[in-house]
Amino acid sequence: MNSVDQYIQSFPGPIQLILTQVRETIKKNAPQAEESISYAMPAYKLKTRPLIYFAAFKKHIGLYATPSAHRAFSDALSNYKKGKGSVQFPIDQPMPLDLIADMVRFKVKENSGS
Numbered sequence: 001m002n003s004v005d006q007y008i009q010s011f012p013g014p015i016q017l018i019l020t021q022v023r024e025t026i027k028k029n030a031p032q033a034e035e036s037i038s039y040a041m042p043a044y045k046l047k048t049r050p051l052i053y054f055a056a057f058k059k060h061i062g063l064y065a066t067p068s069a070h071r072a073f074s075d076a077l078s079n080y081k082k083g084k085g086s087v088q089f090p091i092d093q094p095m096p097l098d099l100i101a102d103m104v105r106f107k108v109k110e111n112s113g114s
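Numbering-wise, our numbering puts 82 at position 82 of the sequence shown, and it's gapless, one number per residue.
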């Protein structure tokens with residue numbers, strides 16, 4: 001799999017919709033980010049630095065915004081299962097697109113050095 005379109009199309013329709021919403025949220029808030037597949041999932045880089053990754057799993061969408069974003073948004077993420085640099089958004093709940101947008105903007109600012 002070598003494109004984000006192919007990645008999204010490999011899932012059932014309802015999951016494709018969620019993945020497309022996450023993708024559009026990232027692209028809207030980081031229009032200069034370079035989109036690719038890395039670690040077998042959609043990946044976004046800005047100025048050659050990792051910005052954010054996401055992936056679909058059986059029961060959740062995993063969002064990987066690196067530890068700095070997860071620390072910065074720890075209160076907002078408190079209701080979700082988390083790892084060091086990941087958060088799991090359950091598929092059976094509304095996707096928190098506003099929170100994802102905030103995290104992307106945080107990472108853009110961090111990667112831009114401002």
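Every residue, glycine too, gets a C-beta built ideally from N, C-alpha and C.
Beta bridge counterpart(s) of residue i as assigned by DSSP
i           : result
residue 115 : In the structure as shown, the chain begins at 1 and stops at 114. Residue 115 is therefore absent and cannot be evaluated.
Beta-carbon proximity check, residue i vs residue j, cutoff 8 Å
i          : j          : result
residue 3  : residue 37 : yes
residue 55 : residue 62 : yes
Where the alpha helix (DSSP H) through residue i begins and ends
i           : result
residue 112 : 97-112
residue 6   : 4-9
**OP:** Could you pull out every unbroken alpha helix (DSSP H) segment of at least 4 residues lying fully inside the region 12-56, listed in chain order?
**Re:** Correct list: 13-29.
**OP:** Check whether the region 45-53 touches the region 103-111, taking contact to mean three or more Cβ pairs, one atom from each stretch, closer than 8 Å.
**Re:** Using a Cβ-Cβ distance cut-off of 8 Å, the region 45-53 and the region 103-111 are in contact, since at least three pairs of beta carbons, one from each stretch, lie closer than that value.
Original post:
Counting Cβ pairs closer than 8 Å, one from the region 15-23 and one from the region 77-88, do we hit at least three?
Top reply: no
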